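Colleague: Before anything else, here's the structure in question.
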C-alpha cells in the first residue's frame, strides 16, 4: 500500500501554485474561482495522504477517527466536482446571477457532503474506503458532472471553443480515472484525477502568460477587455490614462521599443495601477481611484520634462468617466474617439462630459447612417455650377444627404466623418454614384456633366473603374456626362492605384477634377501628375481672395497655371454678386455657391436649371421674377 499517485498529484498542484503566484494576475472572477479550486485541491490531496497514512497505522489509531478522515476526504472530492460547475458559471454569468447561483450550488454541495457522510463507511487495510457512503459519493460526483454538462450545453454559444474543450477534457479525465478506481479500488486515482483536471484548466485556460504581452510583459489587449468588462459589470469606478507613442523618422524599431519600455516602466511605478497594452504602441493604465491616476499623470509629466524631444512624440489621454459605459468595447471606442479630439494644447488631454456627449452623438449618427444605407434613405442632392463662358447652369455637383425617418435632412459634415471612420464611406460613395447615373439617364439633356466625389477608400479599390463603368452601362449614361472629383492623398500606394483607375476611366471617356485645391497641404505636383481637366478652388481659398492680397496672388497664380495647363478653374463658395463679378474678372471658368443656389433635391434642381437657363438673358430690373431668388438661403 502506497500513495505515489497522491504525491504525484500534490507535486503537480505545488508547481502550479509556484508558477501562478509568481506571475502578474488581475484576479478576475474566473481567476479567483481557479485560485479557490487550487486551494481546495491542495487540501483534498493532503487529506488523501493523511487518510492513507492513518489506514497504514489503523492498529494504533481509533477506527472512528480513520472513518471520519475518510468521510472528510470524500466530502472534499464532492466539493472538487462542484468546482467545475462553479468555474463554468464564473465565465458565463453576470455578477448577480453568478452570486445567486454560486450560493445555491455551494448549498447543494454541502447537502451532498452531508448525504454521503450519513452513510456507512468501511475501511480496507489495503488503504481505501468502501461501502454505502462511497457508493453514494460516486453517484453524487456523477450527478454533478451531468449537471455541469447540461449547463455547458445550454450555454454553449456563450463559451468559447478553447474553454469548452478544456472543461470537457477536465470532466473526461475525472470520469476515466474515477471509474478506474471504482472497479479497481486499490489503485487510488481520484486525487490524481482532480490534480490532472486542475492542470488541464491551468494549461489551457488560466495560464498567466496567456494574459501577458509577449513583447513588453504588461497585460495584453485580451486581458484589458476582460478586466474592463468585469469592472463595468460590478460597477467599479474606472479611471484610465492612455499613453500613445507616435512613430517618426527617428523613433522607429529599436528606439521605439526602448522608449515604449521606458514609458511602461514609469506607468508601473504607481501603486494601484494596472497597465495594459492597447493597439500598436499604446499603453492603457487603469486604476480604481482618481488619486492613483493623478500620481501617474504627475510622474509622466516629470519624465516628459526630462526628455522633451521624445515627449513630443507621446500623447497622454485621461478619462475619469468611463464607468458610464456598458462594456469594454465602448470604453475603448470612446478612448479612440477622444484621441481624435485631442487638441494637443496640453501634454495630458482630459476628457469631460461634453466629450462623452459628443461621442454618444457620434454613435447615434453611426446607427443612423447604417440604418439609412439599409433602408435606402440616402439621397443625392445637386448643387448648380454656373458657366461663366456660356452664362448658364451647365453642370452640377452631386452631394450626399440622409433623410431621417421623421423627414429631417442630415448634412454631410455630420455623417461623412462617421462613414470614413466605420468603413461605410465606400458603400455610400457607390450609392451616390448610382443615384446620379439614374438622374442623368432621366435628364440626359439638362446638363453637360455632373461632378461626383470619390472617397480615398474608393480610390484604393483596384476594382473601382470596373464598378463605375458597370453602373454607367446599366443606366446607359454617356461617360462624358460624368466628372469625378478626387482629393490629394499622402499615400503613395493609394495614388498609384488611383492612377490606374483614372487611366481606365479616361479611356472610357470620363473626366476628372482636382477638388479642394488650396486646402490643407495642397501639392502643385498633383496638377502635374494627375490627368485632371478641372481644378476646384477650396471654399476657404475663395473666401480668402476677398480678405487679403496674398490670397489674391495665389488665386491669380493658380488661374494662370490652370489655363496654361489647359485646365478649367472652378471657384466654390461664391455667395454675393460682388464675389461673382470678381471671379469673372479673375477669368474663373465656373462658379459654384449659394449665390446661385444651395444643393437641391433632384426635382427642385431640375426646375431650377430649366427656369434659370430659360431666363438666362433676363436683365436686371426686368419685371419677371428672378428665377434663382427662392433657391438662395435665407
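In the working numbering, the protein residues as written are 395 to 1028.
Cβ coordinates follow ideal geometry from the N, Cα and C atoms, glycine included.
Note that the coordinates shown come from a computational prediction; the quantities given were computed from them, not determined experimentally.
#1: Under 8 Å between the Cβ atoms of residue 879 and residue 841?
#2: Residues in its own chain within less than 8 Å of residue 966 by CB, not counting five upstream and five downstream?
#3: Return the CA-CA distance between residue 843 and residue 888, expressed in angstroms with no decimal places.
#4: For residue 939, which of helix, strand or coil comes out of DSSP?
#5: With a threshold of 6 Å on Cβ separation, who are the neighbours of residue 830 within its own chain once the five nearest residues in sequence on each side are excluded?
#6: Throw me the rounded Cβ distance for the residue 487 and residue 495 pair, which I believe falls under 8 Å.
#7: How far does the beta strand (DSSP E) with residue 417 in it reach, from first residue to last?
#8: With distances taken Cα to Cα, identify the nearest neighbour of residue 956 among 971, 972, 924.
#9: Which of helix, strand or coil does DSSP assign to residue 597?
#10: May I ask which residues mark the beginning and end of the alpha helix (DSSP H) holding residue 499?
#11: In the DSSP assignment, the beta strand (DSSP E) including residue 930 goes from what residue to what residue?
#12: Mind checking which residues open and close the beta strand (DSSP E) that includes residue 921?
#13: For residue 745, collect the residues of the same chain with a Cβ closer than 6 Å to its Cβ; drop the 5 residues on either side in sequence, then sort them by chain order.
#14: To the nearest angstrom, how far is the alpha carbon of residue 605 from that of residue 517?
#15: Using three-state DSSP, classify residue 870 as helix, strand or coil.
#16: Output needed for residue 534: all residues of its chain with C-beta closer than 8 Å, excluding positions within five of it in sequence on either side, in chain order.
#17: Terminal residues of the continuous alpha helix (DSSP H) containing residue 531?
#18: I believe residue 1029 touches residue 555 by the beta-carbon criterion, under 8 Å. Please report the beta-carbon distance rounded to the nearest angstrom.
#19: Considering only C-alpha positions, which residue in the set 591, 825, 743, 451 is nearest to residue 428?
#20: Go ahead and pull the three-state DSSP assignment for residue 956.
#21: Need the endpoints of the alpha helix (DSSP H) that residue 445 sits in, please.
#22: Could you pull the start and end residues of the beta strand (DSSP E) that residue 847 belongs to?
#23: Which first and last residues belong to the alpha helix (DSSP H) in which residue 997 is found?
#24: Taking residue 718 and residue 750 to be in contact with their CB atoms under 8 Å, please state how far apart those CB atoms are, rounded to whole angstroms.
#25: Going by Cα to Cα distance, which pick from 549, 579, 500 is closest to residue 1031?
#26: Output the distance between the C-alpha atoms of residue 960 and residue 738, rounded to the nearest integer angstrom.
#27: Return helix, strand or coil for residue 811, following the three-state DSSP convention.
#28: Return the chain-ordered ranges of every alpha helix (DSSP H) run that is complete within the stretch 606 to 670 and spans a minimum of 4 residues.
#29: Under the rule that 16 or more other beta-carbon atoms within 10 Å means buried, what is residue 561, buried or exposed?
#30: Sort 673, 672, 571, 686 by Cα distance to residue 664 and report the nearest one.
#31: When DSSP labels each residue in this structure, what does residue 586 get in the three-state scheme?
#32: Could you check whether residue 613 and residue 362 sit closer than 8 Å to each other, using their CB atoms as the reference points?
#33: How is the beta strand (DSSP E) around residue 791 delimited, first residue to last?
#34: Exposed or buried, residue 409, counting other C-beta atoms within 10 Å across all chains shown (16 or more means buried)?
#35: Using a Cβ-Cβ cutoff of less than 6 Å, which residues in the same chain neighbour residue 593 once the five nearest sequence positions on both sides are dropped?
#36: Return the residue from the list 652, 698, 639, 697 that minimises the CA-CA distance to residue 678.
Modeller: On the basis of the supplied data:
#1: Residue 841 is positioned such that its CB atom lies no closer than 8 Å to that of residue 879.
#2: 930, 931, 932, 933, 936, 986, 987.
#3: Across the structure, residue 843 and residue 888 are spaced so that their CA atoms are roughly 26 Å apart.
#4: Of the three classes helix, strand and coil, the one that applies to residue 939 here is helix, per DSSP.
#5: The beta carbon of residue 830 lies closer than 6 Å to those of 774, 792, 844, 846 in the same chain, with the five residues before and after it left out.
#6: Their Cβ separation, rounded to whole angstroms, is 6 Å, which keeps residue 487 and residue 495 in contact under 8 Å.
#7: Following the DSSP letters along the chain, one finds residue 417 in no beta strand (DSSP E), marked with neither H nor E.
#8: Taking each of 971, 972, 924 in turn and checking the Cα distance to residue 956, the smallest one comes out for 924.
#9: DSSP places residue 597 in helix when its eight states are reduced to three.
#10: That run of the alpha helix (DSSP H) goes 489 to 511.
#11: Its beta strand (DSSP E) spans residues 928 to 931.
#12: In this chain, residue 921 is not harboured by any beta strand (DSSP E); it is covered by the alpha helix (DSSP H) spanning 918 to 923.
#13: Around residue 745, the same chain offers 713, 732 as residues with beta carbons nearer than 6 Å, after the five sequence neighbours per side are excluded.
#14: Using only the alpha carbons, I get a separation of about 46 Å.
#15: The answer is coil: DSSP assigns residue 870 none of H, G, I, E or B.
#16: Setting aside the 5 residues that flank it on each side, residue 534 is surrounded in the same chain by 472, 475, 506, 509, 510, each with a C-beta closer than 8 Å to its C-beta; the list follows chain order.
#17: Counting along the chain, the alpha helix (DSSP H) containing residue 531 begins and ends at 526 to 548.
#18: The question about residue 1029 has no answer here: the residues shown for the chain are numbered 395 through 1028.
#19: Here the closest residue by C-alpha is 591.
#20: It is helical.
#21: Per DSSP, residue 445 is one residue of the alpha helix (DSSP H) stretching across 423 to 450.
#22: That run of the beta strand (DSSP E) goes 843 to 847.
#23: Judged by DSSP secondary structure, residue 997 falls within the alpha helix (DSSP H) whose first and last residues are 996 to 1008.
#24: About 7 Å separates the CB atoms of residue 718 and residue 750; that is less than 8 Å, so the two are in contact.
#25: The chain is shown from 395 up to 1028; residue 1031 falls before or after that span and cannot be answered.
#26: So the alpha carbons of these two residues sit roughly 43 Å apart.
#27: In the three-state reduction of the DSSP assignment, residue 811 falls in the helix class, which pools H, G and I.
#28: Whole alpha helix (DSSP H) segments, 4+ residues: 615 to 627, 647 to 661.
#29: Buried, because 16 or more other Cβ atoms sit within 10 Å of the Cβ of residue 561.
#30: Residue 686 is the option with its Cα nearest to residue 664.
#31: Looking at residue 586 - three-state DSSP - the assignment turns out to be helix.
#32: With the chain covering 395 to 1028 only, the question about residue 362 has no answer from this structure.
#33: Here the beta strand (DSSP E) through residue 791 covers 786 to 797.
#34: Exposed is the call here.
#35: In chain order, 406 place their CB closer than 6 Å to the CB of residue 593, counting only its own chain and leaving out the 5 sequence neighbours on each side.
#36: Here the closest residue by C-alpha is 639.
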